[in-house]
Structures are given as C-alpha cells and as structure tokens.
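*Asks:*
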Amino acid sequence: MLRRLFAFNGGVKPPTHKSSSTRAAIATLPLPPELVIPLHQSIGGTPRPLVRAGQHVLKGQLIGAADGNISAAIHASTSGRVVAVEARVMAHASGLSTLCVVIAPDGEDAWVECRPVPWRSLPGDQVRDLLRDAGIVGLGGAVFPSHLKLKPGPGSRGSSKGGLRHLVINGAECEPFITCDDMQMREQANAILAGATIMGELLGAEEILVGIEDNKPEAVAAMQAASGRLGERGGRIQIVAVPTRYPAGGAKQLIRVLTGIEVPHGERSTDYGVQCFNTGTVFAIHEALEKGRPLLSRIVTVAGNVERPGNYEVLFGTPMDYVVARAGPKPDTDRFIMGGPMMGYAMPSRQVPVVKATNCILVGSPALFPPPAPEMPCIRCGECAKACPADLQPFEMYWHSRAKSFGKAQEYHLFDCIECGCCTYVCPSHIPLVDYFRFAKSEIWAREREKDSADAARDRYEFRQHREEREKEERAARLAAKAAATKARIGIDPSAGGADTDDQALIAAAIRRTQSATTDLPPAGESGT
Amino acid sequence: MNNSPFVLQPASVRSVMVRVLAALLPGVAAYVHFFGASILIQLGLASATALGTEALVLFLRRKPVWLFVSDGSALVTAWLIALTFPPIGPWWLIVVGTAFAIVIVKHLYGGLGQNPFNPAMAAFCLMIVAYPLLMSQWPAGAADFATQMRLIFGNRELDGLTMATPLDALRTALHGNARTTVEAVTGSGPVFGYLGGKGWEWIALGYLAGGLWLLQQRLITWHLPTAFLAGLGLCAGLAHLANPGLYASPLFHLFSGGTLLGAFFIVTDPVSGATTPRGKLIFGAAIGLLTWVIRTFGAYPDGIAFAVMLMNIGVPLIDMYTQPPVFGHKIRNKGKGGHP
Ligand code: SF4
Ligand code: SF4
Chain A
262 MLRRLFAFNG GVKPPTHKSS STRAAIATLP LPPELVIPLH QSIGGTPRPL
312 VRAGQHVLKG QLIGAADGNI SAAIHASTSG RVVAVEARVM AHASGLSTLC
362 VVIAPDGEDA WVECRPVPWR SLPGDQVRDL LRDAGIVGLG GAVFPSHLKL
412 KPGPGSRGSS KGGLRHLVIN GAECEPFITC DDMQMREQAN AILAGATIMG
462 ELLGAEEILV GIEDNKPEAV AAMQAASGRL GERGGRIQIV AVPTRYPAGG
512 AKQLIRVLTG IEVPHGERST DYGVQCFNTG TVFAIHEALE KGRPLLSRIV
562 TVAGNVERPG NYEVLFGTPM DYVVARAGPK PDTDRFIMGG PMMGYAMPSR
612 QVPVVKATNC ILVGSPALFP PPAPEMPCIR CGECAKACPA DLQPFEMYWH
662 SRAKSFGKAQ EYHLFDCIEC GCCTYVCPSH IPLVDYFRFA KSEIWARERE
712 KDSADAARDR YEFRQHREER EKEERAARLA AKAAATKARI GIDPSAGGAD
762 TDDQALIAAA IRRTQSATTD LPPAGESGT
Chain B
16 MNNSPFVLQP ASVRSVMVRV LAALLPGVAA YVHFFGASIL IQLGLASATA
66 LGTEALVLFL RRKPVWLFVS DGSALVTAWL IALTFPPIGP WWLIVVGTAF
116 AIVIVKHLYG GLGQNPFNPA MAAFCLMIVA YPLLMSQWPA GAADFATQMR
166 LIFGNRELDG LTMATPLDAL RTALHGNART TVEAVTGSGP VFGYLGGKGW
216 EWIALGYLAG GLWLLQQRLI TWHLPTAFLA GLGLCAGLAH LANPGLYASP
266 LFHLFSGGTL LGAFFIVTDP VSGATTPRGK LIFGAAIGLL TWVIRTFGAY
316 PDGIAFAVML MNIGVPLIDM YTQPPVFGHK IRNKGKGGHP
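Protein chains in written order, with our numbering: chain A, 262 to 790; chain B, 16 to 355.
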C-alpha cells in the first residue's frame with residue numbers, strides 16, 4: 262500500500278558515504294581492559310552512584326540510580342571489580358569531566374538475574390518506572406529518557422479514544438556515514454517490530470509507522486518481511502520508505518513526512534497525537550521488557566578515515582580508541598567525531614568512553630574534513646533560508662546573534678532552530694551559521710540562569726523582609742500581651758465592659774513603640790539569610 | 016574547524032559571481048554584434064576601475080585584499096555599469112561611475128554584503144543626474160571600431176553617430192507632439208525594431224537566455240524577475256488598453272531599455288534586495304510599477320535605476336513584514352487533541 266507522504270521545506274543532500282560500513286555484519290568486540298561508565302548519560306538528573314571502589318559487580322547490575330523521574334539508571338556493562346568512582350573526561354565537545362564508575366572486567370561476563378517483565382498486567386506507571394530503571398533512553402542521539410515519552414496523551418492506555426494516533430518509529434538515519442540503525446534493522450527486524458508492537462499497546466496507538474530513508478532498500482525489505490511474518494498482529498504496522506534528504510531523520514521532520522503534522526518547537530508531540538522513537542530505542546525497550554535486560558550496549562558505526570568501516574556492538578564505557586583500533590584507523594587521523602558530519606561533535610580525547618548517545622565514531626582527517634575556506638560577509642543570497650528545514654531565516658538570526666542582540670534573534674525564532682547545520686552546509690560565504698546559533702542560545706541560557714539566580718536572591722531578600730516584619734509584629738504582640746497582663750495584675754479585668762477600648766489603645770501604643778524602635782535599628786546584615 | 020557540520024557544499028561567493036558573469040555573455044555577444052566592439056572597451060574600463068578601486072579601498076581598510084578582490088562581486092558591479100551606460104560615452108564617464116559605485120556605494124557602507132543600495136544603479140543615477148546629455152548619447156548602429164575608439168578616448172564629434180534610445184525617442188516624440196501616436200512613432204524611424212528597439216531586442220533576448228540559465232542554476236528564484244516583469248507589463252498593458260495611442264504596448268516595454276537585464280541581473284541583486292519569498296514579490300512588482308511610471312511620465316530615458324534605488328530603501332521594512340511562517344507555526348494547533 263502506498264502511503265501519501267508529505268514534504269518538509271529545505272534540507273540538503275550531502276554525499277551519504279554509507280555503503281562502505283554496511284558490507285560486514287555487526288561485530289562484537291572482546292572485553293576491553295577497562296570500562297569507564299559515566300553516570301550522566303542522558304538528559305535530566307545525574308544518577309547517584311550505588312557502588313564503591315573495590316566492590317565486585319555483575320553484568321547488568323545497577324550502579325547508578327535514576328535521580329528523580331527525569332533521569333535514567335546506569336548499569337555495569339560487564340562483571341568485574343569497581344576500580345574507582347571518579348571524574349573522567351566525558352564524551353562531550355566541552356572536554357569537561359563527569360563522575361564515572363571505572364570497572365576492571367573479570368572476563369566472566371556474568372549476568373545478574375534477568376526476568377522478563379509481565380508488562381501487560383502491570384499498570385502503565387510501573388512499566389515506565391521499570392524502563393527508567395533499565396536505563397532506556399533515546400538512542401538516536403538525543404538520549405531523552407524514553408519512559409517520559411511513553412505516557413499516552415490525554416487518553417489512557419489501551420483506550421482508543423484520546424490514545425495516540427500515530428506511533429512513528431524512526432529508521433530514517435539521514436546523517437552521512439552512520440549506518441547503525443540500518444544494520445540493526447537488517448539483522449534484528451523481528452525484535453524491533455516486536456518492540457514497536459509493545460509500545461503501540463502501551464501508548465494505545467492507532468497505527469505504527471516505520472520511516473526509513475529510501476537509500477536503505479535492504480533495511481526496508483528486512484522490516485517489510487518481518488512485518489509480514491507478524492501476520493494479523495502486524496496489521497497496524499506500516500514500513501514506509503521516505504525520500505532521502507537530510508534531515509529527514511529529525512523527529513519533527515519525519516513526523517511531518519509521514520503524517521503531515523508539524524509539531525511546533527517546545528510542544529509535546531503527544532498533544533498532536535503522535536510520538537516518535539528511534540529503532541535502536543525500540544529494540545532496547547523490547548530487550549528490557551521481554552528479557553528483563555537493562556541497556557548495556559549499543560550498535561556503533563565506525564567510519565571515515567579507517568581501513569575497515571563497519572558496525573560494532575559496543576558496551577557502554579568502552580574507550581573510543583579501543584573500538585576504532587578494530588577498524589584500522591589511518592595514520593593521518595586527527596580527531597574522533599561523535600555522531601555524523603552534520604551534527605556530530607569533535608571529542609576532546611580519543612579515550613573518551615562510548616556512551617548511550619554514541620551512534621557513530623567518525624574518524625576524521627584533514628583530508629576528509631578539510632578546514633573551511635575563510636569566512637566571507639553574508640551576501641544575503643538566501644541559500645540558508647532555502648535549506649532550513651525549520652523554515653527560519655538563518656541570515657537574519659546570524660546578523661542579530663553576531664551583534665549580540667539576542668532579543669532580536671529570538672524574534673526570528675532562534676529557539677526553533679534544530680541545529681541541523683543545513684544552513685552552514687550551503688552558505689557560499691562559508692559562515693559557520695549554526696555556531697553562531699549555538700553561541701546565541703548558550704548566551705541566552707546563561708543570562709536566564711543569571712536572571713533566575715537574581716530572582717532567587719530577590720526572593721530570599723523579600724522573604725527576609727517578610728520575616729523581619731513578622732518578628733516585629735510578634736514582638737509587638739508580646740509587649741501588648743505583657744501590658745495586658747500587667748493591667749490585669751493591677752486589678753483591671755480585661756474582660757470587663759469598657760476595658761476593651763483601653764486595652765486596644767494600650768496594644769496599639771505598644772505596637773507603635775516597637776515599630777518605631779525597630780525601624781530605627783540599622784538594617785540587618787546582608788548575610789542574614 | 017572544531018564544530019559541525021564538518022562537510023560543506025562546494026559553493027563560494029566567487030563561483031556565484033562567476034556564473035552571473037557567464038550568464039551575461041549572450042547579451043554581451045548580441046551587443047557586440049549590433050553595436051560594435053565599443054562595449055568591450057567599456058567593459059574593460061569598468062572592470063579595471065572596479066578591481067583597482069576595490070583593491071585600494073580594501074588595502075586602506077586593512078582587509079585581506081586578494082580574498083575580496085577575487086570574489087568577483089566588483090566585476091559584476093562593473094559589468095552591470097558598463098551594460099547600462101552608453102557604449103560610446105567618454106572613458107571617464109564610466110570610470111567615475113564605477114569608482115563611485117565601488118568606493119562610495121559599496122565600501123562606505125561596509126563593503127561586500129553591507130550596501131543598502133545597488134551599486135550599479137546608484138552609479139547610473141548619479142551620472143545621469145550629473146551628465147544627462149552624455150548619458151543619453153547612444154550609438155545609431157555599429158560604427159566602425161576606430162570611430163568608436165575616437166568617441167571614447169578622443170574628440171567627441173558626434174555628427175549623426177548617436178541617437179536617442181527607443182524609450183527616449185518615443186517619449187520625446189509623444190511629449191513634443193500631442194497629435195502623434197505610439198504607432199506612428201514606433202512604425203517609423205530607424206530606432207525601432209520588431210519588439211522594442213532595433214538590435215536592443217536581440218540583446219534583451221540574450222539577457223533572457225542568461226537569466227533563464229541562472230534560474231536553472233538556482234542562483235536566483237523566479238519571484239523577482241516574474242514580479243518585476245509582471246508589474247511592468249501589467250501597468251503598461253492597462254495603460255495601453257486604455258489609450259493605445261498614448262501608451263506603448265507591454266511588449267515594447269519588456270524588450271526596451273534595461274528591462275530584461277534588470278529583471279534577471281539587477282532587481283535580483285541579493286545584497287540590496289528583499290529576501291523573503293513574499294518580500295521578493297512585493298519588491299519586484301513595485302520596481303516594475305515605478306519603472307513604468309518613471310519611463311512614462313519622468314524626464315529620464317529609463318526608470319529602472321531610480322525605481323530600484325527607491326525600493327532599496329524599503330527593503331528592511333518589506334523583509335520584516337513578510338517573514339515566512341516557521342515550521343510548526345503555520346496552522347496553529349492543527350493537531351491539538353490528537354486528530355488533525
Ligand atoms: S547562505 Fe550565507 S551568504 Fe547566503 S544569505 Fe545565508 S548566511 Fe548569507
Ligand atoms: S541549523 Fe537551524 S537555522 Fe540552520 S538550517 Fe538547521 S534549523 Fe535552520
């Protein structure tokens with residue numbers, strides 16, 4: 262059945278470089294000598310470490326507990342001894358360090374006990390908690406905790422009314438070089454579709470749409486065959502080949518292509534009757550629920566400046582250079598990029614560990630990714646606007662970001678920018694537009710944080726004032742009470758008629774006295790809070 | 016580069032400008048065929064002046080001279096000036112005009128990408144106001160090369176070598192004689208051809224061919240040429256329908272003067288023009304309308320330059336009010352509640 266597809270504006274067609282890494286099957290690696298598992302691997306709170314140096318852990322054992330609901334747990338990727346719990350450089354362009362659990366594998370690869378989850382008979386909240394504690398996050402690169410996206414919309418689980426209209430499974434994989442989803446779809450199509458069926462039930466989805474870019478005919482065929490094998494149960498599933506155009510794999514772009522729905526920036530797609538998950542995530546959810554296995558590894562593409570590009574199943578915490586060594590890096594390698602050439606980040610070191618966000622280690626060289634020609638002024642040619650999938654006017658945002666007039670940049674919808682890099686890709690003046698947008702966003706966030714802390718300080722100040730006020734009143738009341746008691750002692754019955762007015766006058770006078778007394782006091786020290 | 020994207024499309028300002036220059040070649044070829052090689056001299060003079068002044072200003076502004084001189088933008092300005100100035104004007108006319116365009120209009124406002132006015136059109140306006148006579152002396156045909164050289168570099172004994180452009184001739188005739196009609200004027204005299212001016216219509220076709228190629232190369236979008244030609248054609252058409260005796264036909268307007276050069280090479284200047292799709296339509300149509308008004312009621316031979324300059328002023332406003340809707344904000348809350 263041919264489905265009517267929609268188009269998004271803009272986009273670019275960079276050379277895909279995908280064929281060389283799809284020749285061999287997904288390979289596994291021998292255990293590395295050391296695993297460095299960062300506790301913070303997803304959006305949200307940093308999990309609390311549950312282990313100490315010297316302790317022995319089993320494969321799949323919880324080593325970091327989710328911090329609050331917006332977080333996801335972390336597990337030991339193999340069995341062994343915890344060598345240290347310490348800060349190490351993280352897989353992030355910033356080069357900052359983060360708390361990691363360092364494990365020396367014992368070579369046994371001994372599992373904790375894993376039990377399938379009877380998810381069908383459990384309430385939705387409990388299933389979601391289980392997924393959080395299995396460490397499931399979006400594996401397309403955004404690493405957003407998946408359990409948060411598995412809440413059905415306004416309706417409840419299973420009820421068709423108000424449930425989800427479309428569940429979109431994202432197998433588009435539009436970034437050049439990356440083929441991990443492609444290979445996983447070829448090899449694990451059954452499990453992926455089984456996972457999709459589970460999620461469809463959890464969300465009460467009317468239909469399940471698997472979007473795959475049409476440059477992956479093998480994956481499309483494998484998934485179609487798997488959906489055929491599902492027979493009746495696969496009725497709601499459609500495997501859809503979508504036109505190859507970067508960034509068709511952006512969640513919002515794929516939703517648009519498959520359903521025609523445009524989810525605006527900052528709004529939840531569930532409110533629009535649609536939700537989107539990456540194929541790798543769906544596979545992980547299947548593993549977690551049907552086998553009770555937490556997320557310990559992922560498929561990683563190693564491509565670029567290597568002799569044997571390919572895909573590997575890699576345990577989290579494996580140093581990148583250990584993985585790349587298998588693929589034979591060429592001598593002129595100058596950097597590792599995590600992710601693809603359009604949106605990836607150059608790593609601060611080659612030893613940083615593979616984490617949940619590592620879909621690809623792109624090995625770079627000056628020949629493969631030459632430095633761009635010198636930046637020229639913007640000639641307002643509008644190429645960037647034509648290429649922008651968010652329908653923005655990048656050159657206008659660029660003017661204002663450059664001039665640091667961030668308010669203006671926001672008026673041109675800076676925060677709708679998905680940082681896809683299409684604008685930079687096409688700019689004839691070689692302006693690193695998206696860098697300016699990242700800069701502008703981070704500046705605005707920094708200012709907002711500053712403002713927030715200023716607000717907090719003001720709140721504290723106001724609270725102190727309020728407290729002083731209250732103390733004044735309490736003091737006045739105490740004085741008044743004392744006065745009333747004195748009066749009572751000297752023989753005036755406070756409850757007798759006519760005494761009320763006297764009493765009140767006395768109290769009022771006492772309050773006046775204390776107030777004038779306290780206002781004359783020097784202001785309390787600034788450190789009073 | 017430390018940040019993504021790590022790959023870029025092979026594009027550069029230079030490749031854009033070089034392709035614009037290439038697109039001018041068919042028009043230039045027709046020009047040489049009908050009016051002789053003098054246009055090549057003018058192109059050379061303008062190019063040399065543009066590159067020289069550009070290099071000088073860049074040097075004075077302590078900018079990387081070679082990087083910017085080689086971007087080709089000065090050459091495009093120079094060629095547009097040469098193609099809009101009379102080909103047998105004295106050498107200094109084009110030199111002064113080009114220097115003004117590069118030094119004042121382009122660099123005083125900050126150089127490449129910063130100028131609010133179209134440099135070539137600003138130069139045209141300046142020179143026609145300052146030297147209206149010289150700017151109105153157009154060749155009567157392809158005089159021999161020696162004569163053309165004499166006109167450019169030596170004494171300017173014109174004796175029958177020049178004539179007004181078709182637009183000028185038509186307006187002068189109509190203005191001077193209340194009883195004559197467009198048909199009577201264009202049907203007679205050596206100036207007029209089948210569609211516009213004799214020879215000029217072929218040059219215009221050359222520009223049209225180059226312009227279509229630019230469209231095919233996606234260097235320009237259809238909005239500006241279409242809106243401009245439609246604006247001009249519509250005004251001319253309505254007036255012509257109302258009084259064919261007094262107003263020339265739209266076809267005459269489209270193939271006369273700088274109309275097609277303007278449509279594909281001048282109103283499409285990205286730096287000084289509107290950038291949003293709707294903005295381009297407004298900008299182009301307004302220039303078309305103003306061009307017709309100035310041609311018909313003004314005192315200058317062609318109206319495009321003034322029309323472009325006028326509309327350049329309005330660009331920031333046009334752009335601001337024609338921002339296209341952003342992804343997800345097109346139809347508000349289309350899908351709220353789950354059933355779009
Ligand atoms: S593509 Fe580059 S030069 Fe063209 S308008 Fe955008 S920022 Fe300016
Ligand atoms: S990086 Fe932002 S502005 Fe540039 S094309 Fe992508 S969404 Fe548009």
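Virtual Cβ for every residue (Gly too), placed ideally from N, Cα, C. All of these numbers come straight from a predicted model, not from anything done at the bench.
Compile a chain-ordered list of the residues in the segment 607-626 of chain A whose CB is closer than 9 Å to at least one CB of chain B.
*Replies:* So the list reads ALA607, LEU623 and GLY625, given in the order they occur along the chain.
*Asks:* Does the separation of the CB atoms of PRO406(A) and ARG393(A) fall below 9 Å?
*Replies:* Counted from its first residue, the first sequence places residue 406(A) at position 145. Counted from its first residue, the first sequence places residue 393(A) at position 132. Yes, the pair counts as a contact, with Cβ atoms nearer than the cut-off.
*Asks:* Short check: CB of THR685(A) to CB of PRO331(B), under 9 Å?
*Replies:* As a first step, residue 685(A) must be located in the first sequence, where it is residue number 424. As a first step, residue 331(B) must be located in the second sequence, where it is residue number 316. No. Outside cutoff.
*Asks:* Do HIS353(A) and TYR606(A) have their beta-carbon atoms positioned less than 9 Å apart in this structure?
*Replies:* Position 345 of the first sequence holds residue 606(A). Position 92 of the first sequence holds residue 353(A). Cβ distance < 9 Å, so TYR606(A) and HIS353(A) count as in contact.
*Asks:* When DSSP builds the beta bridges, which residues end up paired with PRO154(B)?
*Replies:* Counting from 1 along the second sequence, the entry for residue 154(B) is found at position 139. Paired residues: THR177(B).
*Asks:* Could you check where the beta strand (DSSP E) with ALA433(A) kicks off and where it finishes?
*Replies:* What you label residue 433(A) is simply residue 172 of the first sequence in a count that begins at 1. No beta strand (DSSP E) contains ALA433(A), which DSSP labels as neither H nor E.
*Asks:* Step through the CB atoms of chain A and report whether any lies within less than 9 Å of the CB of ALA37(B).
*Replies:* By 1-based counting over the second sequence, the position of residue 37(B) is 22. No, its Cβ sits nowhere closer than 9 Å to a Cβ of chain A.
*Asks:* Under 6 Å Cβ to Cβ from ALA450(A), same chain only, skipping five residues before and after it: list those, please.
*Replies:* Walking along the first sequence from the start, residue 450(A) turns up at place 189. Answer for ALA450(A): ALA483, MET484 and ALA487, listed in chain order.
*Asks:* Could you compute how far the alpha carbon of TYR336(B) sits from the alpha carbon of CYS645(A)?
*Replies:* Here residue 336(B) refers to the residue found at position 321 of the second sequence. Here residue 645(A) refers to the residue found at position 384 of the first sequence. If you take the alpha carbons of TYR336(B) and CYS645(A), they lie about 19 Å apart.
*Asks:* Can you pull the chain A residues whose beta carbon is under 7 Å from the beta carbon of ALA232(B), in chain order?
*Replies:* For the purposes of this step, residue 232(B) is identified with residue 217 of the second sequence, where counting begins at 1. Strictly speaking, residue 232(B) in this sequence is Gln, with Ala absent from that position. Result: empty, since nearest Cβ-Cβ is about 12 Å, beyond 7 Å.
*Asks:* Is it true that the CB of ILE54(B) sits closer than 9 Å to the CB of VAL43(B)?
*Replies:* One-based indexing of the second sequence puts residue 43(B) at position 28. One-based indexing of the second sequence puts residue 54(B) at position 39. It is a contact, given that the beta carbons lie within the stated cut-off.
*Asks:* Measuring only the C-alpha atoms, how far is SER151(B) from PRO101(B)?
*Replies:* Your numbering for residue 151(B) matches position 136 in the second sequence. Your numbering for residue 101(B) matches position 86 in the second sequence. Going from the Cα of SER151(B) to the Cα of PRO101(B) covers about 7 Å.
*Asks:* With distances taken from CA atoms, which of PHE342(B), ASN18(B) and TYR315(B) is nearest ILE522(A)?
*Replies:* If you number the first sequence from 1, residue 522(A) lands on position 261. Residue PHE342(B) is the option with its Cα nearest to ILE522(A).
*Asks:* Where does the unbroken beta strand (DSSP E) through SER85(B) begin, and where does it stop?
*Replies:* For the purposes of this step, residue 85(B) is taken as residue 70 along the second sequence, with counting starting at 1. Unbroken run through SER85(B): none, as it is neither H nor E.
*Asks:* With a threshold of 8 Å on Cβ separation, who are the neighbours of GLY534(A) within its own chain once the five nearest residues in sequence on each side are excluded?
*Replies:* Along the first sequence, one-based indexing puts residue 534(A) at 273. The answer, listed in chain order, is GLY414, LEU425, ARG426, HIS427 and ILE522.
*Asks:* Classify SER714(A) as helix, strand or coil using the three-state DSSP reduction.
*Replies:* For the purposes of this step, residue 714(A) is taken as residue 453 along the first sequence, with counting starting at 1. Of the three classes helix, strand and coil, the one that applies to SER714(A) here is helix, per DSSP.
*Asks:* CA-CA distance, ALA301(B) and LYS274(A)?
*Replies:* By 1-based counting over the second sequence, the position of residue 301(B) is 286. By 1-based counting over the first sequence, the position of residue 274(A) is 13. For ALA301(B) and LYS274(A), the distance between alpha carbons rounds to 36 Å.
*Asks:* Expressed to the nearest angstrom, what Euclidean distance is found between the alpha-carbon atoms of ILE546(A) and GLY456(A)?
*Replies:* Locating residue 546(A) in the first sequence gives position 285, counting from the first residue. Locating residue 456(A) in the first sequence gives position 195, counting from the first residue. Taking the straight line from one Cα to the other gives about 6 Å.
*Asks:* Based on Cα-Cα distance, which residue from LEU90(B), SER271(B), TYR46(B) and ASN133(B) lies nearest to GLY67(B)?
*Replies:* Numbered from 1 along the second sequence, position 52 holds the residue referred to as residue 67(B). Selected option, being the one with the closest Cα: LEU90(B).
*Asks:* Is the CB-CB distance between CYS642(A) and PRO693(A) below 9 Å?
*Replies:* As a position in the first sequence, residue 642(A) is number 381, starting the count at 1. As a position in the first sequence, residue 693(A) is number 432, starting the count at 1. Contact: no.
*Asks:* Let me know the secondary structure DSSP gives LEU325(B) once reduced to three states.
*Replies:* Working through the second sequence from its first residue, we reach residue 325(B) at position 310. Note: LEU325(B) maps to helix in three-state DSSP.
*Asks:* Could you work out which residues of chain A lie near LYS345(B), taking near to mean beta carbons separated by less than 7 Å?
*Replies:* Here residue 345(B) refers to the residue found at position 330 of the second sequence. Within chain A, the residues near LYS345(B) are GLU523.
*Asks:* Tell me the rounded alpha-carbon separation between GLN654(A) and GLY511(A).
*Replies:* Translated into positions along the first sequence, residue 654(A) becomes position 393. Translated into positions along the first sequence, residue 511(A) becomes position 250. Rounded to whole angstroms, GLN654(A) to GLY511(A) spans 19 Å at the Cα level.
*Asks:* So THR531(A) is in the beta strand (DSSP E); what residue range does that whole segment cover?
*Replies:* The residue you call residue 531(A) lines up with position 270 of the first sequence. Premise fails: THR531(A) is in no beta strand (DSSP E) and is neither H nor E.
*Asks:* What did DSSP end up calling LYS513(A) once you bin it into helix, strand or coil?
*Replies:* On the first sequence, position 252 is the one that residue 513(A) refers to. Three-state DSSP puts LYS513(A) in a helix.
*Asks:* Would you say VAL695(A) touches ligand 2, meaning its beta carbon is less than 8 Å from a heavy atom?
*Replies:* Locating residue 695(A) in the first sequence gives position 434, where the first residue counts as 1. Yes.
*Asks:* Give me the Cα-Cα distance between THR277(A) and MET637(A), rounded to the nearest whole angstrom.
*Replies:* The count along the first sequence starts at 1 and reaches residue 277(A) at position 16. The count along the first sequence starts at 1 and reaches residue 637(A) at position 376. Spanning the two alpha carbons is a distance of roughly 27 Å.
*Asks:* Measuring alpha carbon to alpha carbon, tell me which residue in ALA333(A), LEU470(A), VAL624(A) and LYS320(A) is nearest ILE397(A).
*Replies:* Within the first sequence, numbered from 1, the residue matching residue 397(A) stands at position 136. Of ALA333(A), LEU470(A), VAL624(A) and LYS320(A), the residue nearest in Cα terms is ALA333(A).
*Asks:* Which class does ASN476(A) belong to by DSSP, given the choice of helix, strand or coil?
*Replies:* The residue labelled residue 476(A) in the question sits at position 215 within the first sequence. Correct three-state label for ASN476(A): coil.
*Asks:* Quick one: give me the first and last residue of the alpha helix (DSSP H) that ASN572(A) is part of.
*Replies:* Translated into the one-based positions of the first sequence, residue 572(A) becomes position 311. Taken as a continuous stretch (DSSP letters only), ASN572(A) belongs to no alpha helix (DSSP H), being part of the beta strand (DSSP E) at 571-576.
*Asks:* Please classify GLN387(A) as buried or exposed, where buried requires at least 16 neighbouring CB atoms within 10 angstroms.
*Replies:* Walking along the first sequence from the start, residue 387(A) turns up at place 126. Counting Cβ neighbours within 10 Å, GLN387(A) comes out exposed, since fewer than 16 surround it.
*Asks:* Name the chain A residues whose beta carbon is nearer than 8 Å to that of GLY126(B)?
*Replies:* For the purposes of this step, residue 126(B) is taken as residue 111 along the second sequence, with counting starting at 1. Neighbours of GLY126(B) on chain A, chain order: PRO638.
*Asks:* Rounded to whole angstroms, what's the CA-CA distance from ASN18(B) to PRO299(A)? Just pull it up for me.
*Replies:* As a position in the second sequence, residue 18(B) is number 3, starting the count at 1. As a position in the first sequence, residue 299(A) is number 38, starting the count at 1. Cα to Cα, ASN18(B) sits roughly 23 Å from PRO299(A).
*Asks:* Report whether the distance from the Cβ of ALA26(B) to the nearest heavy atom of ligand 2 is below 8 Å.
*Replies:* Within the second sequence, numbered from 1, the residue matching residue 26(B) stands at position 11. No; taking the cut-off as 8 Å, the Cβ of ALA26(B) has no heavy atom of ligand 2 nearer than that.
*Asks:* Can you list, in chain order, every residue whose CB sits closer than 7 Å to a heavy atom of ligand 2?
*Replies:* Working through the chain, the matches are GLY271(A), CYS645(A), ALA648(A), CYS649(A), PRO650(A), ALA651(A), LEU653(A), PRO655(A), MET658(A), CYS678(A), ILE679(A), GLU680(A), CYS681(A), GLY682(A), CYS683(A), CYS684(A), THR685(A), LEU694(A), VAL695(A) and PHE698(A).
*Asks:* Along chain B, in chain order, which residues have C-beta atoms closer than 8 Å to that of VAL273(A)?
*Replies:* Position 12 of the first sequence, counted from the start, is the residue given in the question as residue 273(A). The answer, in chain order, is GLN24.
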